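Chains W and A are the protein sequences, given in the same order.
Each residue of the first sequence is one higher than the last, beginning at 1 in my numbering.
Each residue of the second sequence is one higher than the last, beginning at 201 in my numbering.
Positions of the beta carbon are idealized from the N, C-alpha and C atoms, including for glycine.
The model shown is predicted, which means the values in this text are computed figures rather than measured ones.
Notes follow the structure.
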Amino acid sequence: MYPTRTVAQEVAEDIYFGQAVMVQARWFFAAALGLLGLFYAASLGAVIFIALLTILLLLINFFIYTRQLLHKHANEWLLLLLAGCEALMVMALILFWPNKVGVLEPIGFDSPFYVLFYPLLFVFALVFPPRRTAIYTAIVVGGYLLMCVVSNFGLLLDAAFVKDLVARGMTLAAMSALGTFYWRIQRERRRTAVATPTRS
Amino acid sequence: MSEIAWLPTRWRKHLKLHDATEDLSVGQIVFVVGRWVLVLVMLLMAILDTGKTLMRLRLEILALLALTVFNFYLFTQALQRKGTLQIITYIASLADLIAITIIVKNGGYFSPYYVFYYPALLVISVTFPPFMLLIFTEAVMVMYTLIAFTQQFWIDSVPILGLRLLMMVAVVVCGRYYWEIEKARRAGDKVPAPTAEPIPSALPQALPLEAPATAQAAPQPAPQMV
């Protein structure tokens, strides 16, 4: 293990080792997709669609997991692309997937599937540097809140709606913020560990 | 470990409190920041809720002030790099989770404030030892399930409840897994440095902890077909 590293090397190592956490989160995400598909699909086509999506996600996850087991370098852009696709999938679920059997209309704010964002934001903050995490969080949380406001514009005067929106937005942002904070702490611990002499 | 000397030795080994102490000290600042977030969000909720009585608002703000004062104490301990007693950290976490549960209890399954569990579980997952993490996570899941089932629940909501619980487990597992990875990386840093090898400057070649065995083997020439 090299005793000194550049910042870029540290970032590359963080991504290489941290991608395992993203893999774990993706297993849960795939399980959640399977759960939703089994219970809330309104038609045979929807079941097939969600099943194919789940299988695709599992295959991609297995590919990344295998690369890490074989000690191949981490493809940072692939991980970013996957994180973006997952956020888009959750957004699409929120907008279009029914949470009651037989319901086909778009849901938006009333959709309970925003909980899928919590582990996604957390693991992104653990893997990527703070600047990228801030951009990703701003896009995901801002996009979700904007979607809620646009789909329920008349409820902006309703205190309960605003409270709910604030609670969701702040807790989502807190996942990223705390994840980034912990990432920084771990980086400092590693630097301290490297700086400690290993030979007498 | 004077603060755990009163525990029987067998329990101390089982709880792995010796490993936990350093992580609790280091994770203390995350714990404190997480509680600040919780206090801020709860204060906003208290202010935005216009339908409550003045007495109730007073009680909520008093409770938040007490939480703030206690958080200041933990914050000063962290800044002075003094380790807080583990038992105090556990009690503080338990108090936070009970406070969230009381808030959620009013609406049951339909309460939108179950989302407060996620940052709370995040902080616990990166700070507590495995045994305590398991206890706390299970307690949260059982408490929330009981609340959801007892208040206006129907069978159609079981998958959504399952989804919420699954995401709680996801946050905890990912946090704990990251902790394990970082522990292994720090242990790898303790390996004596190799002799005079140039540090690669070109990226994105990442540096694994151990040199893969396959990379060191000389590539075998492909058999020639006749």
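Along the segment 299–317 of chain A, the positions whose C-beta sits under 7 angstroms from a C-beta of chain W are 312, 313, 315, 316, read in chain order. Here the alpha carbons of residue 124/W and residue 93/W stand approximately 20 angstroms from one another. Not a single CB atom of chain A sits nearer than 8 angstroms to the CB of residue 33/W. Residue 280/A and residue 232/A have their C-alpha atoms roughly 14 angstroms apart. Residue environment: residue 294/A is assigned as exposed (fewer than 16 neighbouring CB atoms within 10 Å of its CB, all protein chains considered).
Restricting attention to beta strand (DSSP E) runs no shorter than 3 residues, the segment 48–91 of chain W encloses none. Taking a C-beta cut-off of 8 angstroms against chain W, the contacting residues of the segment 232–264 of chain A are 233, 234, 237, 240, 241, 244, 245, 248, 249, 250, 251, listed in chain order.
When rounded, the separation of the alpha-carbon atoms in residue 22/W and residue 60/W is 12 angstroms. Under a criterion of Cβ atoms nearer than 8 angstroms, the residues of chain W adjacent to residue 367/A are, in order, 28, 32, 115, 116, 118, 119. The beta carbon of residue 348/A sits no closer than 8 angstroms to any beta carbon of chain W. Following the DSSP letters along the chain, one finds residue 42/W in no alpha helix (DSSP H), marked with neither H nor E.
Chain-ordered, the chain A residues with CB closer than 8 angstroms to the CB of residue 185/W read 226, 227, 229, 230. Spanning the alpha carbons of residue 76/W and residue 261/A requires a straight line of approximately 46 angstroms.
Counting C-beta pairs closer than 8 angstroms gives fewer than three between the segment 38–55 of chain W and the segment 366–385 of chain A, which falls short of the contact rule.
Listed in chain order, the non-local C-beta contacts of residue 341/A below 7 angstroms within the same chain comprise 365, 368, local neighbours out to five positions each way being set aside. Annotation: the continuous alpha helix (DSSP H) that includes residue 169/W extends over 159–195. Around residue 230/A, the same chain offers 323, 326, 327 as residues with beta carbons nearer than 8 angstroms, after the five sequence neighbours per side are excluded.
The C-beta of residue 85/W has fewer than 16 other C-beta atoms within 10 Å across all chains shown, which makes the residue exposed. In this structure, residue 144/W sits away from residue 118/W, with a CB-CB distance that is not shorter than 8 angstroms.
In the structure shown, residue 232/A adopts helical secondary structure according to DSSP, grouped into three states. When C-beta atoms of the segment 309–316 of chain A are compared with those of the segment 164–177 of chain W, three or more pairs fall below 8 angstroms, so the two segments count as touching. Taking CB atoms only, residue 164/W has a neighbour in chain A less than 8 angstroms away. Under the three-state reduction of DSSP output, residue 307/A falls in the coil class, being neither helix nor strand.
For residue 119/W, the uninterrupted alpha helix (DSSP H) segment begins and ends at 117–127.
For the 8 angstroms CB-CB criterion, residue 88/W and residue 172/W do not form a contact. Cβ neighbours of residue 141/W within its own chain (closer than 7 angstroms, five residues either side excluded): 169, 172, 173.
Contact between residue 33/W and residue 54/W is confirmed by a C-beta separation of about 5 angstroms, below the 8 angstroms threshold. It is roughly 33 angstroms from the alpha-carbon of residue 309/A to the alpha-carbon of residue 286/A. Secondary structure at residue 286/A: helix, using DSSP grouped into helix, strand and coil. The alpha-carbon of residue 154/W is positioned some 24 angstroms away from that of residue 139/W.
Membership of residue 313/A in any alpha helix (DSSP H) is not indicated, and neither H nor E is assigned to it by DSSP. Remark: C-beta atoms of residue 15/W and residue 51/W do not approach each other more closely than 8 angstroms. Listed in chain order, the beta strand (DSSP E) runs fully inside the segment 320–366 of chain A amount to none, counting runs of at least 3 residues.
Contacts with chain W at 8 angstroms (Cβ-Cβ) include residue 378/A. The residues 37, in chain order, have a CB closer than 8 angstroms to that of residue 46/W in the same chain once the five nearest residues on each side in sequence are set aside. By the neighbour-count criterion, in which 16 or more other beta carbons inside 10 Å mark a residue as buried, residue 175/W falls on the buried side.
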